[in-house]
Amino acid sequence: MAALLLLASVIGALGLKLKQPVIVSFILVGMLAGPAGFDIVRSTENLELLSELGVTLLLFLVGLKLDLNLVRTLGAVALNTGIGQILFTSVIGFLICLGLGMPPLASVYVAVAITFSSTIIIVKLLSDKRELDALHGRIALGFLIVQDLAVVIAMAVMSAITAGAGAGDGLGGALVGLAAGAVPFLLLWFFVSKIATRVLDGIAKAPELLIVFALGLAAAFAALGDYLGFSKELGGLVAGVALASTPFRESIASRLASLRDFLLVFFFISLGAHLDLRVVGEAVGEALVLSLFVLIGNPLIVMVIMGAMGYRKRTGFLAGLTVAQISEFSLIFVAMGVALGHVSVEAAGLVTLVGIITIALSTYMILYSQPLYAFLERYLGIFERRIPHREGEISDGVQDEKYDVLLFGLGRYGRALHAKFSEYGLRVLGVDFDPDVIRQWRRGGGDAIYGDLQDPDMCETLPMEGVRLAIIAVPPHEIGVTHDDPRGSLIVALRKGNFTGQIAVIARSETDLALLRTKGADIVLSPFADAAERAMERIFGIGLETNRPPSQKPSVEPEGRAI
Numbered sequence: 039m040a041a042l043l044l045l046a047s048v049i050g051a052l053g054l055k056l057k058q059p060v061i062v063s064f065i066l067v068g069m070l071a072g073p074a075g076f077d078i079v080r081s082t083e084n085l086e087l088l089s090e091l092g093v094t095l096l097l098f099l100v101g102l103k104l105d106l107n108l109v110r111t112l113g114a115v116a117l118n119t120g121i122g123q124i125l126f127t128s129v130i131g132f133l134i135c136l137g138l139g140m141p142p143l144a145s146v147y148v149a150v151a152i153t154f155s156s157t158i159i160i161v162k163l164l165s166d167k168r169e170l171d172a173l174h175g176r177i178a179l180g181f182l183i184v185q186d187l188a189v190v191i192a193m194a195v196m197s198a199i200t201a202g203a204g205a206g207d208g209l210g211g212a213l214v215g216l217a218a219g220a221v222p223f224l225l226l227w228f229f230v231s232k233i234a235t236r237v238l239d240g241i242a243k244a245p246e247l248l249i250v251f252a253l254g255l256a257a258a259f260a261a262l263g264d265y266l267g268f269s270k271e272l273g274g275l276v277a278g279v280a281l282a283s284t285p286f287r288e289s290i291a292s293r294l295a296s297l298r299d300f301l302l303v304f305f306f307i308s309l310g311a312h313l314d315l316r317v318v319g320e321a322v323g324e325a326l327v328l329s330l331f332v333l334i335g336n337p338l339i340v341m342v343i344m345g346a347m348g349y350r351k352r353t354g355f356l357a358g359l360t361v362a363q364i365s366e367f368s369l370i371f372v373a374m375g376v377a378l379g380h381v382s383v384e385a386a387g388l389v390t391l392v393g394i395i396t397i398a399l400s401t402y403m404i405l406y407s408q409p410l411y412a413f414l415e416r417y418l419g420i421f422e423r424r425i426p427h428r429e430g431e432i433s434d435g436v437q438d439e440k441y442d443v444l445l446f447g448l449g450r451y452g453r454a455l456h457a458k459f460s461e462y463g464l465r466v467l468g469v470d471f472d473p474d475v476i477r478q479w480r481r482g483g484g485d486a487i488y489g490d491l492q493d494p495d496m497c498e499t500l501p502m503e504g505v506r507l508a509i510i511a512v513p514p515h516e517i518g519v520t521h522d523d524p525r526g527s528l529i530v531a532l533r534k535g536n537f538t539g540q541i542a543v544i545a546r547s548e549t550d551l552a553l554l555r556t557k558g559a560d561i562v563l564s565p566f567a568d569a570a571e572r573a574m575e576r577i578f579g580i581g582l583e584t585n586r587p588p589s590q591k592p593s594v595e596p597e598g599r600a601i
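Numbering (my numbering), first residue to last: 39 to 601.
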């Protein structure tokens, strides 16, 4: 264990120097430490246990922030996209495998194996990019859950075959057993969700106990889910949903985040250790063909389905990138086929190599999704309806109104600004990427519209006439402002959209301040510095005697401009 952690630190540091994703670095650590490398993985039971805890905790934290309205609002697109991708990948993959000369049974196994996408890797990447709450992130999570249910059914089929029950009553019995197991599982979830707030009220005074309880609940649901025939991942997710309605969910999530990241290191190391290159053999050519199919074909089918359902090309593209790899379950599935004698070791090596290629490349595709979309945008028009009505539904009722202020970002700072503008009788239109925030904003009497702040095309849909001020109340990186961003993101997009008013943005550091000025911001606000200045005004207002320095113009307000 010590050798693994030290090796992970060294490889991870080298990866950072080379600007490589830490996920790729940790998978490489597993490959180096596994049987194909230095063969130093000895504590396999401990490694697997820590890996499973990390995965459980990751899905638990996702469930903790999961709104049950997701099923109602995004259920159709998640179901259609998930089932469509499964059918497309399995059927076309089967034909490709036959074309590559594989036997029919082996073709079935490989085709089904490359159907699954890695929920763990995708959720981790989207969480790191803070895109899990974006519309495409929510849709991706929805069809990943559909895929996980398909994995459960596929494993039930395999279990029935393994037990020698055959494809008739044995399979039906396995599925009936799953359905029967779901009943006590859901009843337990309902019971825990009802008493969770009262239980947590009693232990929240001891933060350590709160964390122990949350982690224990996640592990218990994961273990029960596994025992009843479901995956540990689904168990952890359901445990998180059980606590999602409690007022302690944010506290739990913040305290468990670092533990999640530490435990996930073992998952990626374990995944790399199972990618045994010694069994690859002569499968490189076939692996490249199947990898290209997964990397290109899966995103295409997602974009086709989402475009047909009325989503914009950008939403479909970003969601489609999340299925451009195969899952760790793919390796488990084909390994079961090897154990049953249905497929050869060479087939397992083929799926292993496809896993290495697709996981590594799709990681880069997701991390650099914004520049990739900017490069391909001109070719993606065929995946979008003339009127993408799905996202327009969130914007109904504001297009013909007149506003004084556009407010991008409806978090705490945005809400505070809105309250002040309302006191002065100014009409404010809020813009945010979270549909639930928009609905809450509207219930409170405010006007809001859906908009992805990193999408330059979004500005074309905004009612600009008469607007005197646009305030971007999110950090620069959340609107795509970087030193090497040639588009200038939202600031430049507003200008290109013929916005003639002033643009105010917030800076969190001196680096942000200089960067935002070069990008064309008229006013740069510093929430912390401005708050401190306001606090000093109130403090001196009570008559505190001191050598007060002469007032100075705030350094964050360029050229003396004011709102």
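For each residue, glycine too, the CB sits at the ideal point set by N, CA and C.
Rounded straight-line distance, which links the Cα of Arg576 to that of Leu528: 35 Å
Contacts around Ile227, its chain only, beta-carbon distance under 6 Å, and the 5 residues preceding and following it disregarded: Rather than Ile, the amino acid found at residue 227 in this sequence is Trp. Counting only Cβ-Cβ distances below 6 Å, and skipping sequence neighbours, we find Val276 and Ala280.
Residues near Ser407 in its chain [Cβ-Cβ closer than 7 Å; skip 5 each side]: Leu356 and Leu359
With 16 other Cβ atoms within 10 Å as the buried cut-off, status of Thr396: In this structure Thr396 is buried. Its beta-carbon is surrounded by 16 or more other beta-carbon atoms within 10 angstroms.
Nearest candidate by alpha-carbon position, reference Ile249, set Pro565, Pro501, Gly278 and Arg481: Gly278
Pick from Val148, Val443, Phe306 and Leu87 that is closest to Thr538, judged by C-alpha positions: Val443
Asp560, enclosing beta strand (DSSP E) - first and last residue: Segment: none, Asp560 is in no beta strand (DSSP E) and carries neither H nor E.
DSSP three-state assignment for Ile78, whether helix, strand or coil: Residue state, collapsed to three classes: coil.
Separation of Met39 from Leu173, as counted between CA atoms: 39 Å
Limits of the beta strand (DSSP E) - the one that Gln540 falls within: Gln540 to Ile544
DSSP-derived helix/strand/coil call for Tyr441: coil
Rounded straight-line distance, which links the Cα of Ala151 to that of Gly452: 46 Å
Bridge partners - Asp470, DSSP secondary structure assignment: Tyr488
Alpha-carbon spacing of Tyr462 relative to Phe566, whole angstroms: 23 Å
Given Gly482 as reference, the closest of Phe132, Phe367 and Ser460 once Cα atoms are compared: Ser460
Sufficient close CB pairs (3 or more, under 8 Å) joining the segment 371–382 to the segment 337–348: no
Closest by C-alpha distance to Val189, when choosing among Lys232, Ala116 and Leu272: Among Lys232, Ala116 and Leu272, the Cα nearest to that of Val189 belongs to Leu272.
According to DSSP, residues forming a beta bridge with Phe446: Looking at the DSSP output, Phe446 shares a beta bridge with Val469 and Ile510.
Own chain partners of Phe251 with C-beta closer than 8 Å, once the 5 adjacent residues on each side are dropped: Counting only residues of its own chain and dropping the five nearest sequence neighbours on each side, Phe251 has a CB closer than 8 Å to the CB of Val237, Leu238 and Ile241.
Which of helix, strand or coil DSSP assigns to Thr284: Coil, per DSSP.
Touch test, the segment 294–302 against the segment 176–183, Cβ-Cβ under 8 Å, three pairs minimum: no
Extent of the continuous alpha helix (DSSP H) run through Leu56: That residue, Leu56, is in no alpha helix (DSSP H); it is neither H nor E in DSSP.
Minimum C-alpha distance to Phe64 - residue among Gly535, Ala46 and Ile78: Among Gly535, Ala46 and Ile78, the Cα nearest to that of Phe64 is on Ala46.
C-beta contact flag for Leu532 and Ile544 at 7 Å: no
Rounded Cβ spacing between Ile177 and Ala116 (contact assumed at less than 8 Å): 6 Å
Coil, strand or helix - Ser269 by DSSP: coil
Through-space distance from Leu455 to Ile49, alpha-carbon basis: 45 Å
CA nearest to the CA of Arg465, picked from Gly504, Phe471, Gln478 and Leu448: Sorting Gly504, Phe471, Gln478 and Leu448 by C-alpha distance to the C-alpha of Arg465 places Gly504 at the top.
Those runs of the alpha helix (DSSP H) which lie wholly inside the segment 231–279 and span at least 4 residues: 245–265
Contact under 7 Å by Cβ, Leu405 with Pro59: yes
Selection from Pro501, Gly468 and Gln478 that minimises the alpha carbon distance to Ala486: Gly468
Selected residue, minimal CA-CA separation from Ile78, among Gly310, Gly53 and Ala257: Gly310
Beta-carbon spacing of Ile370, Leu42 below 7 Å: no
Separation of Leu388 from Asp171, as counted between CA atoms: 35 Å
C-alpha distance - Ser89 paired with Val332, whole-angstrom precision: If I take the Cα positions, the gap works out to 26 Å.
Separation of Val512 from Leu500, as counted between CA atoms: Annotation: Leu500 to Val512 spans about 18 Å, alpha carbon to alpha carbon.
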